[in-house]
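Chemist: Residue numbers (the numbering used here): 367 to 557.
The structure under discussion is supplied below as structure tokens; questions concerning it will follow.
Okay, here's the thing in structure tokens:
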């Protein structure tokens, strides 16, 4: 007989859902471990078993929630996959989660722990997903093999991060197409 999910997995999921919900409604500064524990129906010790800090819980909740909100399609058209993904990022950055991400980034320069956890828990996993898709495009012969992958990823996502942080221009879904249109000719394999 197959075993179901363990209580620990259920508790972990409730903690992440509670953190995501609380941060979305209150912002990062207002959310405490006590509030997350109460909302999730777990003891604080349960949270500290998996996460070293409030920031770590919040970032993991953001990763889980935002990965669901911005899935990376895996079709036979890498360009369209990036465009679709970037449109999801635009939507995410315009949501309450985008406000939370902006708040965490604003705290990062003065708090090395937040900066380190942001890179390890939020930026890194998302970057790895995009890098894997870019490398798949190289393997499929859609993207040039001689590109600097890190520079290309910065070029694709940089405009959205700048708009999130600076706020000098709004982010609109059409921007996903515009960004990909501007970058793709420089990375695609010539016909």
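Positions of the beta carbon are idealized from the N, C-alpha and C atoms, including for glycine.
Computed from a predicted model, the values in this text were never measured in an experiment.
My output table needs one value for residue 509: the three-state DSSP class, helix, strand or coil.
Modeler: Locating residue 509 in the chain shown gives position 143, where the first residue counts as 1. The answer is strand: DSSP assigns residue 509 an E or B state.
Chemist: With respect to the alpha helix (DSSP H) encompassing residue 440, which residues constitute its N-terminal and C-terminal limits?
Modeler: Indexing the chain shown from 1 puts residue 440 at position 74. No alpha helix (DSSP H) holds residue 440; DSSP gives it neither H nor E.
Chemist: Taking residue 389 as the reference, give the member of 422, 491, 552, 532 with the closest Cα.
Modeler: Residue mapping note: residue 389 aligns to position 23 of the chain shown, counting from 1. The residue with the shortest Cα to Cα distance from residue 389 is 422.
Chemist: Between which residues of its own chain and residue 368 is the CB-CB distance below 8 Å, once the five residues before and five after are set aside?
Modeler: Within the chain shown, the letter at position 2 stands for residue 368. Since pLDDT at residue 368 reaches only 48, below the 50 mark, its modelled position is unreliable, and no value is offered.
Chemist: Roughly how many whole angstroms lie between the Cα atoms of residue 473 and residue 465?
Modeler: Reading the chain shown from its first residue, position 107 is the one you call residue 473. Reading the chain shown from its first residue, position 99 is the one you call residue 465. Taking the straight line joining both Cα atoms gives about 13 Å.
Chemist: State buried or exposed for residue 485, treating a residue as buried only when at least 16 other CB atoms are found within 10 Å of its CB.
Modeler: Stepping through the chain shown from its first residue, residue 485 is reached at position 119. It is exposed - the Cβ of residue 485 has fewer than 16 other Cβ atoms within 10 Å.
Chemist: Compare the Cα-Cα distances from residue 392 to each of 482, 463, 521 and report the closest residue.
Modeler: One-based indexing of the chain shown puts residue 392 at position 26. It is 463.
Chemist: Taking only the alpha-carbon atoms, compute the straight-line gap between residue 455 and residue 430 and give it to the nearest angstrom.
Modeler: One-based indexing of the chain shown puts residue 455 at position 89. One-based indexing of the chain shown puts residue 430 at position 64. Computed Cα separation, rounded: 14 Å.
Chemist: Between which two residues does the alpha helix (DSSP H) containing residue 465 stretch?
Modeler: Here residue 465 corresponds to residue number 99 of the chain shown, with the count starting at 1. Residues 462-473.
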